[in-house]
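*Asks:* Structure below; questions to follow.
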Amino acid sequence: MTSVSMPQKSNFLADFGQELREGRQAYLYILPAFVIMAIITFYPIAYQVWMSFTNFELRHLRLQNPDQVGLQNYVQILRSGLPVPNFSFGRILVFNLFWTFINVFFHVALGIIIALALNVEGLPGKRAYRSLFVIPWALPALISGMVWRNMWNDQFGAVNLLLQELGLRGDIRWLLETDAVVNLPQIGLVLPLSFFAVFIANVWLGWPFMMVIATGALQSIPEDLYEAAEVDGATRWQQFWNVTLPLIRPAMVPAIMIGIMMTFNQFNVIYFVTGGGPIGLTEILVTQGFKLVNPQGWYGVASAFNVIVFIILAVITLITNRISRATEPYYA
Amino acid sequence: MVESRANRSSDPRLAAGDVIAVTWAFLVFGASLALLGLAIYLLAVPTVTTDPTVTVPRRVGAILALVAGAVIVTRYVRLLTAIFRHRDLKRAHHTMRVDLIQVFLLGVLVTVFFPLVWILSMSLDPRDFSRPTGLTIIPPGATLSAYINVLTQPSPNPVSFPQLLGNSLLVAGGTAVLAVIIGTTAAYAFSRMVFPGRRLGMLGFVLVLMIPPGGTLAPLFVLLNALRLRTTLLGLAIAYASSALPFAIWNMKGFIDALPYDLEEAAQIDGCTRTQGFLRVVLPLATPGMAVTALMGFLTAWSEFIMAWTFLTEPSRFTLPMVLRGMIGQYAAGTPWSEFAAISVLMSIPAVILFFVLQRYLVAGLAAGGVKG
């Protein structure tokens, strides 16, 4: 046993020395980025972790050092004990997860359906559609969010005006109604009317990305596969499930992972469409975290909050990574 | 269904699907004739009023209906001839399918454009928007005064539009340039060289990439404040770069990974050093990737709100997103919506143009970089 492992070890050391010599140039390339990132990225992160164990507030910005408070910030957040109106960590987390899941599902489904529709042979205007449909993605999300907020306004918003023109009641208080439309106390999910408003806004701006990815993937599927499937007597539906979907999967999975991250952290849409309201029911973690800094000025609590969000994101990434690998029969 | 299609030419009987397709052809043909008739009626019969906000949309609508009607009539006349001259039922099926999809896509187009038309229309509207009005594409009394107001006096603060634009361009451009220049060299090393700490370094970047926007807001606020940079544009650009740089390295690594190594090897055999290979072979090939990385950095900073709103206090250093946010305030009633819409349009145009120019590379870059471990 030892006689086998010894040469391996010396080999490893020799390799290591070789790598180190070759690495000198690599380090030179990395040095500028490393120095700058150490100062502007890694140091703030480390500082954030330190701050999360202190009671850092506005008054500590001038010289006065904050006190160490141990895990108090974390305990306060996780027990929903922050003196913020309507703050419930569990509810925000459940809402945030549901928000992510339902949005990404609709983005992907719509993206694939529309990409398929645009992939039909002999369809006039294909190119025009493809470029026009990208506009919601190209528009800064901040502006989309504000425009949708205006459109959902109960008095003069475009949606209520449209309902009026169609002869329906046009006085729905989309963003202000506090009654729950969906209430599932078993899992702690409460959805007010404003959820559907902000959800529609986010679907509007989210599906084009998935459509572009799906279009690229669809175009790379060789036509003979469909011909072969047709010869075998497969219906269109069977062709979709057994040829199209497996073949666009490798392109869609990374896009879905990007989509999950983007949607989980979709600050602009939530903050500008509903502002987290009414009574905090559509708050997600990033909007709540922002409010702890601005306007509250609780830097210590906000740091702890963001450390928790970071850990949740890391867990989600690991899980989605696992799921996408575990269900990955087509490429390795 | 597929079998029936394969045998159709030899089968003299009409299947149910064929009946539907032929009926469809007749129905659409009839409807398009009606549309043509309506268009001609609208053009021929004079309107009661001479108000241009009524007559102009009516005229434009009539001309559009005329064109659409003519296109559909020709398409279906050809189809009906094909059906009855050559018994071409396959063509009937195909036309029905394509045109149903066309209707679906037009519906999608309407939903995509509804908010866009709404905001354009709002930017031209001179009326007070806190009173209910009807939906109109071009509002009565349309005017460019909101744009003029915005360009002369964009906010209650003493700051001009060129100043705001300059601030936004400076911060966004600075972030993009910094991220690309520094990011590309590091990405090259991570992509092409083997050295101790490589995996650890990449892991560090992945972890940093998961930090949400504004995730390090609190420490950046405190640190930049201590350096007396917090309220300056330089401080803001530094804060932006702190999240743009990890993304730039990650994205460029993915892009350089996808470039063929043979070219560099050939250059090295010809006597190029590593650095010459990087400068003369890799950089030219990596230009699209750099363009995308710069675009992402620029667009993110261009519409960044969280940090700007938290850090900056001096109105002369404000960026465009802050002015927009300042306009909509807490309650919608007091918002100057026409001016808000005008700034939104002005701010969106460069972003959308840049996006369209670089979209091809963007998709390729996202597919190549970003996600590969």
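In order, the protein sequences belong to chains L and E. Residue numbering for the first sequence follows the working numbering, starting at 41 and increasing by one per position. Residue numbering for the second sequence follows the working numbering, starting at -9 and increasing by one per position. Just so it is clear, CB atoms sit at the ideal spot from N, CA and C, and this is done for glycine as well.
Straight-line CA distance for E/G156 to E/I339?
*Replies:* Position 166 of the second sequence, counted from the first residue, corresponds to residue 156 of chain E. Position 349 of the second sequence, counted from the first residue, corresponds to residue 339 of chain E. If you take the alpha carbons of E/G156 and E/I339, they lie about 16 Å apart.
*Asks:* Against chain L, which members of the segment 63 to 84 of chain E pass a CB distance test of less than 8 Å?
*Replies:* So the close ones are H84.
*Asks:* For E/F40, list the residues DSSP reports as bridge partners.
*Replies:* Against the second sequence, residue 40 of chain E aligns to sequence position 50. According to the sequence as given, residue 40 of chain E is Thr; it is not Phe. In the DSSP output, where bridge partners are listed per residue, E/T40 has none listed.
*Asks:* Find the nearest neighbour of L/T255 within the set L/Y339, L/G340 and L/V160, judged by alpha-carbon distance.
*Replies:* On the first sequence, position 215 is the one that residue 255 of chain L refers to. For the residues L/Y339, L/G340 and L/V160, the minimum Cα distance to L/T255 belongs to L/V160.
*Asks:* Give the secondary structure of E/G359 by DSSP, where H, G and I count as helix, E and B as strand, and everything else as coil.
*Replies:* Looking up residue 359 of chain E in the second sequence gives position 369. Confidence at E/G359 is low in this model, with a pLDDT of 44, below 50, so the placement of that residue should be treated as unreliable; the coordinate-derived value is given next. Coil, per DSSP.
*Asks:* Note down, in chain order, every chain L residue with its Cβ under 7 Å from the Cβ of E/R264.
*Replies:* Walking along the second sequence from the start, residue 264 of chain E turns up at place 274. The contacting residues are Q65.
*Asks:* Please confirm if the segment 90 to 101 of chain E is in contact with the segment 148 to 162 of chain L, defined as three or more CB-CB distances below 8 Å between the two stretches.
*Replies:* Touching, yes, given that three or more Cβ pairs across the two stretches are closer than 8 Å.
*Asks:* Would you check if the distance between the CB atom of E/L25 and the CB atom of E/A60 is smaller than 7 Å?
*Replies:* Here residue 25 of chain E refers to the residue found at position 35 of the second sequence. Here residue 60 of chain E refers to the residue found at position 70 of the second sequence. Contact: no.
*Asks:* Is E/I138 close to chain L, meaning its C-beta is less than 7 Å from at least one C-beta of that chain?
*Replies:* The residue given as residue 138 of chain E occupies position 148 in the second sequence. No, E/I138 does not count as interfacial toward chain L.
*Asks:* Using beta carbons (cut-off 7 Å, strictly below), is E/W14 in contact with chain L?
*Replies:* On the second sequence, residue 14 of chain E is found 24 positions in, with the first residue counted as 1. It does not; no Cβ of chain L falls within 7 Å.
*Asks:* How many angstroms separate the CA atom of E/L314 from the CA atom of E/E294?
*Replies:* Translated into positions along the second sequence, residue 314 of chain E becomes position 324. Translated into positions along the second sequence, residue 294 of chain E becomes position 304. The straight-line gap from Cα to Cα measures roughly 12 Å.
*Asks:* Which term fits L/P262, buried or exposed, when burial requires 16 or more other beta carbons within 10 angstroms of its beta carbon?
*Replies:* Here residue 262 of chain L corresponds to residue number 222 of the first sequence, with the count starting at 1. Looking at its Cβ environment, which holds fewer than 16 other Cβ atoms inside 10 Å, L/P262 is exposed.
*Asks:* Which complete alpha helix (DSSP H) runs does the segment 18 to 84 of chain E hold, if anything under 4 residues is left out?
*Replies:* DSSP runs (the alpha helix (DSSP H)) wholly in the segment 18 to 84 of chain E: 42 to 76.
*Asks:* Look up L/A220 in the DSSP assignment and say whether it is helix, strand or coil.
*Replies:* Counting from one through the first sequence, the residue named residue 220 of chain L turns up at place 180. L/A220: strand per DSSP, three-state reduction.
*Asks:* Would you say E/V361 faces chain L, with C-beta separation under 7 Å as the test?
*Replies:* Translated into the one-based positions of the second sequence, residue 361 of chain E becomes position 371. Summary for E/V361: the model assigns pLDDT 40, below 50, so the residue's position carries little reliability; its value from the coordinates is reported in the next sentence. Yes, E/V361 counts as interfacial toward chain L.
*Asks:* Output, in chain order, the set of chain L residues within a Cβ distance shorter than 7 Å of E/I228.
*Replies:* Within the second sequence, numbered from 1, the residue matching residue 228 of chain E stands at position 238. Per Cβ cutoff of 7 Å: I80.
*Asks:* Run through chain L and tell me which residues come within less than 8 Å of E/F346, C-beta to C-beta.
*Replies:* Residue numbering aside, residue 346 of chain E sits at position 356 when the second sequence is read from its first letter. Near E/F346 (Cβ distances below 8 Å), the residues of chain L are S171, V174 and A178.
*Asks:* Any contact of the segment 69 to 86 of chain L with the segment 168 to 177 of chain E, i.e. 3+ C-beta pairs under 8 Å?
*Replies:* In short, these stretches touch, since the Cβ pair count reaches three.
*Asks:* Can you name the start and end residues of the alpha helix (DSSP H) that L/V326 belongs to?
*Replies:* Stepping through the first sequence from its first residue, residue 326 of chain L is reached at position 286. Here the alpha helix (DSSP H) through L/V326 covers L325 to V333.
*Asks:* Please report the distance separating the alpha-carbon of L/S120 from that of L/V109.
*Replies:* Start at 1 with the first residue of the first sequence, and residue 120 of chain L comes out as number 80. Start at 1 with the first residue of the first sequence, and residue 109 of chain L comes out as number 69. Cα-Cα distance, rounded: 17 Å.
*Asks:* Near L/Y370, which residues of its chain fall below 7 Å by C-beta distance, leaving aside the five closest residues on each side in sequence?
*Replies:* Numbered from its first residue, the first sequence carries residue 370 of chain L at position 330. Unreliable positioning characterises L/Y370 in this predicted model, as indicated by a pLDDT of 47, which lies under 50. The coordinate reading is nonetheless provided below. So the list reads P286, R289 and P290, once near-sequence residues are dropped.
*Asks:* Give me the residue from L/R213, L/G228 and L/Q259 with the minimum Cα distance to L/A237.
*Replies:* Residue mapping note: residue 237 of chain L aligns to position 197 of the first sequence, counting from 1. Considering only alpha carbons, the answer is L/R213.
*Asks:* State the beta-bridge partners of L/P381 as determined by DSSP.
*Replies:* Since the first and last residues shown for chain L are 41 and 372, residue 381 of chain L lies out of range.
*Asks:* When the distance is taken between beta carbons, is E/L235 closer than 7 Å to E/A166?
*Replies:* As a working mapping, residue 166 of chain E is identified with position 176 in the second sequence. As a working mapping, residue 235 of chain E is identified with position 245 in the second sequence. Going by C-beta atoms, E/A166 is not nearer than 7 Å to E/L235.
*Asks:* With 7 Å as the limit, tell me which residues of the segment 207 to 241 of chain E have their beta carbon closer than that to any beta carbon of chain L; keep them in chain order.
*Replies:* So the list reads L207, A208, P209, L210, F211, V212, L213, N215, I228, A231, S232, L235, P236 and I239, given in the order they occur along the chain.
*Asks:* So for E/T277, helix, strand or coil by DSSP?
*Replies:* As a position in the second sequence, residue 277 of chain E is number 287, starting the count at 1. Reduced to three states, the DSSP call for E/T277 is helix.
*Asks:* Distance cutoff 7 Å, beta carbons only. Does E/R(-2) sit that close to anything in chain L?
*Replies:* Along the second sequence, read from residue 1 onward, the residue named residue -2 of chain E stands at position 8. At E/R(-2), the pLDDT of 47 sits below 50, so the modelled position is not reliable and the matter cannot be decided from this model.
*Asks:* When Cβ atoms are compared, which residues of the segment 102 to 120 of chain L fall closer than 7 Å to chain E?
*Replies:* Taking 7 Å as the Cβ-Cβ cut-off against chain E, none of the residues of the segment 102 to 120 of chain L qualify.
*Asks:* Please determine whether the Cβ atom of L/I359 lies at a distance below 6 Å from any heavy atom of the ligand PLP.
*Replies:* In the structure shown, the ligand PLP is absent, as is every other ligand, since no ligand is present at all.
*Asks:* Are the C-beta atoms of L/P72 and some chain E residue less than 7 Å apart?
*Replies:* Looking up residue 72 of chain L in the first sequence gives position 32. Interface residue, yes.
*Asks:* Look up L/T94 in the DSSP assignment and give the residues it is bridged to.
*Replies:* For the purposes of this step, residue 94 of chain L is taken as the residue at position 54 of the first sequence. L/Q108, per the DSSP bridge assignment.
*Asks:* Less than 8 Å between the CB atoms is what I'm expecting for L/V333 and E/T300, so what's the real figure, rounded?
*Replies:* Indexing the first sequence from 1 puts residue 333 of chain L at position 293. Indexing the second sequence from 1 puts residue 300 of chain E at position 310. With 8 Å as the limit, L/V333 and E/T300 qualify as a contact, their Cβ atoms being about 6 Å apart.
*Asks:* If you follow the alpha helix (DSSP H) that L/R167 is in, where does it begin and where does it stop?
*Replies:* In the first sequence, the residue the question calls residue 167 of chain L occupies position 127. Per DSSP, L/R167 belongs to the alpha helix (DSSP H) from K166 to L172.
*Asks:* Measuring only between beta-carbons, confirm whether E/Y351 sits less than 7 Å from chain L.
*Replies:* Walking along the second sequence from the start, residue 351 of chain E turns up at place 361. Not closer than 7 Å to any Cβ of chain L, the Cβ of E/Y351 fails to qualify, so no.
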